[in-house]
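**Q** This is the structure, below, for whatever I ask next.
Chains as they are written, first to last, in the numbering used here: chain L, -2 to 116; chain P, -2 to 116.
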């Protein structure tokens, strides 16, 4: 059975696949911000920024709260544990694969040196 | 100046935002596979699987080689260093934020205990 179902990974990786959305998160690292602050900072319309914030909110990266006419954004409650684990697993497999390739190359080189000495 | 431009992060996070594509990568951890093997395993048409493999190839996760009529897929040359670093940075900020919140809660609790003792 193929182990590939982490349904919320779809939403979180999709949310991270846009430079503006990653920028918004980096901005929220420094502190909460209103949607109009974010729109100004990223040279966007309010409507455009609302869409980006909506995607981040859906993925759990951001929570928003409306007080009066101002909607304030802050970092959400997702710790990105599964996302980090997924990428770490890929990196481990990758390292193991390419270490194995390195070993093959080293063995071939050693064999060649041996053959030269025995000639 | 906002530091949010890692253009290839767009392509790699977008490639990872689909459960089938993550499944294909997990399959390639175990060994190379042809596109028709992958189509069978994921109950997809060849055309559907070719599209997914194309997205993975564009992001550098997969390389393909056609020999005769068979196109074989293998893990690509991307180590996902920047992706791992991005997620790690988010997690560090997140932990620091919520540790700070924990401290505030602890301080409030301590103050309440003090007030009770002084009553």
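All residues carry an ideal CB built from backbone N, CA and C; glycine is no exception.
Measure from the alpha carbon of residue 50 of chain P to the alpha carbon of each residue in P:20, P:27, P:97, then state which is nearest.
**A** What you label residue 50 of chain P is simply residue 53 of the second chain in a count that begins at 1. Minimum Cα distance to residue 50 of chain P is reached at P:20.
**Q** Write down the C-beta distance between residue 25 of chain P and residue 70 of chain P rounded to the nearest angstrom, noting that I regard them as a contact closer than 8 angstroms.
**A** If you number the second chain from 1, residue 25 of chain P lands on position 28. If you number the second chain from 1, residue 70 of chain P lands on position 73. The Cβ separation is near 6 angstroms, so the contact holds.
**Q** By the criterion of Cβ-Cβ separation under 8 angstroms, what are the contact partners of residue 85 of chain L in chain P?
**A** Reading the first chain from its first residue, position 88 is the one you call residue 85 of chain L. Correct list: 81.
**Q** Consult DSSP for residue 27 of chain P and reduce its assignment to one of helix, strand or coil.
**A** The residue labelled residue 27 of chain P in the question sits at position 30 within the second chain. Helix, per DSSP.
**Q** With 8 angstroms set as the bound, which would you pick, yes or no: does the beta-carbon of residue 6 of chain P sit closer than that to a beta-carbon of chain L?
**A** Numbered from 1 along the second chain, position 9 holds the residue referred to as residue 6 of chain P. It does; some Cβ of chain L falls within 8 angstroms.
**Q** Pick out whichever of P:108, P:82, P:55, P:34 has its Cα sitting closest to the Cα of residue 67 of chain P.
**A** By 1-based counting over the second chain, the position of residue 67 of chain P is 70. Among P:108, P:82, P:55, P:34, the Cα nearest to that of residue 67 of chain P is on P:34.
**Q** Would you give the residue range spanned by the beta strand (DSSP E) that residue 61 of chain L belongs to?
**A** Taking the first residue of the first chain as position 1, residue 61 of chain L is located at position 64. Where residue 61 of chain L is concerned, the enclosing beta strand (DSSP E) stretches over 59 to 64.
**Q** Identify, in the order they occur along the chain, each residue of the same chain with its Cβ nearer than 7 angstroms to the Cβ of residue 47 of chain L, setting aside the five sequence neighbours on each side.
**A** If you number the first chain from 1, residue 47 of chain L lands on position 50. Around residue 47 of chain L: 32.
**Q** Using DSSP with H/G/I as helix, E/B as strand and the rest coil, what is residue 111 of chain P?
**A** Sequence index remark: in the second chain, residue 111 of chain P carries index 114 (1-based). Residue 111 of chain P falls in the helix class under three-state DSSP.
**Q** Report the residue from L:98, L:84, L:92 whose alpha carbon sits nearest the alpha carbon of residue 10 of chain P.
**A** Start at 1 with the first residue of the second chain, and residue 10 of chain P comes out as number 13. When only C-alpha atoms are compared, the closest one is L:84.
**Q** Consult DSSP for residue 88 of chain L and reduce its assignment to one of helix, strand or coil.
**A** As a first step, residue 88 of chain L must be located in the first chain, where it is residue number 91. Correct three-state label for residue 88 of chain L: helix.
**Q** Could you tell me the alpha carbon to alpha carbon distance between residue 44 of chain L and residue 13 of chain L, rounded to whole angstroms?
**A** Sequence index remark: in the first chain, residue 44 of chain L carries index 47 (1-based). Sequence index remark: in the first chain, residue 13 of chain L carries index 16 (1-based). Looking at the two C-alpha atoms, the distance is approximately 19 angstroms.
**Q** Tell me, please, which residues DSSP counts as bridged to residue 94 of chain L.
**A** Counting from one through the first chain, the residue named residue 94 of chain L turns up at place 97. Paired residue(s): none; residue 94 of chain L is not in a bridge.
**Q** Note down the Cα distance separating residue 1 of chain P from residue 16 of chain L, rounded to an integer number of angstroms.
**A** Here the question's residue 1 of chain P lines up with position 4 in the second chain. Here the question's residue 16 of chain L lines up with position 19 in the first chain. Interpretation of residue 1 of chain P is limited by its pLDDT of 47, a score under 50 that renders its predicted location unreliable; no figure is taken from the coordinates.
**Q** How many angstroms separate the CA atom of residue -2 of chain L from the CA atom of residue 28 of chain P?
**A** Along the first chain, one-based indexing puts residue -2 of chain L at 1. Along the second chain, one-based indexing puts residue 28 of chain P at 31. In this prediction, residue -2 of chain L has a pLDDT of 35, which is less than 50 and means its spatial position is unreliable; what the coordinates show is noted afterwards. Their Cα atoms are separated by approximately 16 angstroms.
**Q** Just how far apart, CA to CA, sit residue 30 of chain P and residue 22 of chain P?
**A** Within the second chain, residue 30 of chain P is the residue found at index 33, counting from 1. Within the second chain, residue 22 of chain P is the residue found at index 25, counting from 1. The straight-line gap from Cα to Cα measures roughly 10 angstroms.
**Q** Anything in chain L within Cβ reach of residue 15 of chain P, meaning under 7 angstroms, just list it in chain order.
**A** The residue labelled residue 15 of chain P in the question sits at position 18 within the second chain. Ordered by position in chain L, the residues that pass the 7 angstroms Cβ test against residue 15 of chain P are 7.
**Q** Name the two residues that bound the continuous alpha helix (DSSP H) containing residue 38 of chain P.
**A** Looking up residue 38 of chain P in the second chain gives position 41. Segment 32 to 38, the alpha helix (DSSP H) holding residue 38 of chain P.
**Q** Within the continuous alpha helix (DSSP H) that includes residue 44 of chain P, where are the two ends?
**A** Here residue 44 of chain P refers to the residue found at position 47 of the second chain. Run containing residue 44 of chain P: 43 to 55, per the alpha helix (DSSP H) assignment.
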